[in-house]
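Visitor: Position 74 of the sequence shown, counted from 1, bears residue number 90 in my numbering, the numbering being contiguous throughout. A virtual CB, placed ideally from N, CA and C, is assigned to each residue, including glycine.
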Amino acid sequence: MSSPDGPRPPAGAQAPATPSASGGPARPARTAVVIPAAGRGVRLGPGAPKALRTLSGTPMLIHAVRAMAASRAVSLVVVVAPPDGAHEVKNLLDTHALPERTDYVVVPGGMTRQESVRLGLGALPEDVTTVLVHDAARPLVPVETVDAVIEAVRGGAPAVVPAVPLADTVKEVEPSAVPGDPEPVLATPVRARLRAVQTPQGFDRDTLMRAHATVTLDGEGATDDAGMVERLGEPVVVVPGHEEAFKVTRPLDLVLAEAVLARRRANDGF
Ligand code: C5P
């Protein structure tokens with residue numbers, strides 16, 4: 017990691033060599049992205065796994081991979097595929113145009129997002145020092161957001177999260193057992209202090225590996241890698257996210273994503 021005080025390379029540039037923690041010879045800093053794409057996406061309704069559904073004729077996963085590879089700092093993308101769909105995902109990557117400077121690896125995922133990310137981390141080569149984790153379900157994140165996260169990690173932050181202020185006021189409730197039943201309100205957090213977090217989240221590699229090796233959570237596991245780093249007691253910082261980095265979760269999100277792509281085509285012939 018470069019010194020917070022020293023000159024910072026732009027995220028698009030080749031990163032400097034990083035002194036090893038053991039004081040040994042410096043190792044070159046390399047940035048990789050893990051894309052968990054093994055979810056079924058049940059909230060979108062019946063059909064193919066969410067990452068394989070198309071937006072303007074192109075699978076959401078390919079949009080997400082291109083969004084990451086758009087950063088010149090990213091030299092490797094690890095895609096975590098549905099356990100029974102690794103072959104299909106490998107074919108997709110082989111048949112869609114992707115930047116030549118970026119390598120791709122496909123690994124089968126697990127039962128939870130946390131397990132899928134851990135399996136993706138297992139595929140990282142030794143020389144990777146900065147790791148981004150990006151949801152395939154956020155296919156339209158702009159490259160400026162990706163670069164801002166990488167720059168903050170290279171600047172010395174062990175964990176970096178892009179996030180946006182909330183439009184809605186948020187209530188904490190006592191969830192009812194029966195969907196639709198009235199739910200008692202427990203608290204109203206001050207909206208100005210809240211942020212909705214997005215991906216890619218960026219990490220110093222050793223910090224994220226330690227989080228995945230030591231933090232265990234019941235049920236669906238961690239929905240957010242930065243939350244696991246918080247449990248280690250390590251600092252996590254937020255940088256500005258982007259409205260186009262929204263997560264495609266429900267059918268209306270597909271309409272919004274198509275509208276964003278149409279606007280990009282109209283603006284720059286994309
Ligand atoms: O379900 P949710 O929208 O929170 O999933 C976030 C991301 O995690 C998606 O890109 C999804 O494909 C991925 N995921 C995964 N393995 C799972 C569950 C979700 O890679 N078992």
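Can you find the residues in the same chain that come closer than 8 Å, C-beta to C-beta, to V144, ignoring five residues on each side of it along the sequence?
Guide: The answer, listed in chain order, is R46, T47, A48, L92, R221.
Visitor: Can you check the segment 88-121 for any alpha helix (DSSP H) of at least 4 residues that lies completely inside it and give the ranges in chain order?
Guide: Entirely contained in the segment 88-121, the alpha helix (DSSP H) runs reaching 4 residues are, in chain order, 102-111.
Visitor: For L277, which residues of its own chain have a beta-carbon under 8 Å away from its beta-carbon, when the five flanking residues on both sides are left out?
Guide: Excluding residues within five positions, the ones whose Cβ falls inside 8 Å are L71, S72, L156, F286.
Visitor: Is T128 near the ligand C5P, judged by its Cβ being under 6 Å from some heavy atom?
Guide: Within the cutoff, so yes.
Visitor: Relative to the alpha-carbon of E116, which residue among A53, A183, R82, A227 has its alpha-carbon at the smallest distance?
Guide: Checking every option, the nearest Cα to that of E116 belongs to R82.
Visitor: Would you call K66 buried or exposed, if buried means 16 or more other Cβ atoms sit within 10 Å of its Cβ?
Guide: Classification for K66: buried.
Visitor: With D222 as the anchor, note down where its alpha helix (DSSP H) starts and where it stops.
Guide: Run containing D222: 221-230, per the alpha helix (DSSP H) assignment.
Visitor: Give me the residue from V264, P256, N283 with the minimum Cα distance to G61.
Guide: Comparing Cα-Cα distances from G61 to each of V264, P256, N283, the minimum goes to V264.
Visitor: Taking only three categories from DSSP, how would you classify H206?
Guide: It is worth fixing the name first, because residue 206 is Val in this sequence and not His. Coil at V206, not helix or strand.
Visitor: So, with DSSP's three-state summary, where would you put G218?
Guide: Strand.
Visitor: Please give me, in chain order, every unbroken run of the beta strand (DSSP E) with length at least 3 that falls completely inside the segment 152-204.
Guide: If we require 3 residues or more, the beta strand (DSSP E) runs fully inside the segment 152-204 come out as 175-181, 201-203.
Visitor: Taking 6 Å as the cut-off, does the CB of D240 come closer than this to any heavy atom belonging to the ligand C5P?
Guide: False, no ligand heavy atom lies under 6 Å from that Cβ.
Visitor: Which residue's Cα is closest to the Cα of R338: H79, E167, A168, A173?
Guide: Outside the shown range of the chain, which is 17 to 286, sits residue 338, and nothing can be said about it.
Visitor: How far does the beta strand (DSSP E) with V213 in it extend, from its first residue to its last?
Guide: It spans 211-213 - the beta strand (DSSP E) in which V213 sits, taken as one unbroken run.
Visitor: For L307 and L135, what's the separation of their Cα atoms in angstroms?
Guide: Residue 307 lies beyond the stretch modelled for the chain, which goes from 17 to 286, so this question has no answer here.
Visitor: Quick one: is D151 buried, meaning 16 or more other Cβ sit within 10 Å of its Cβ, or exposed?
Guide: Buried, by the Cβ-count rule.
Visitor: Contact check, V177 vs V213 under 8 Å by CB: the rounded distance?
Guide: Going by Cβ atoms, the distance from V177 to V213 rounds to 5 Å, so yes, they are a contact pair.
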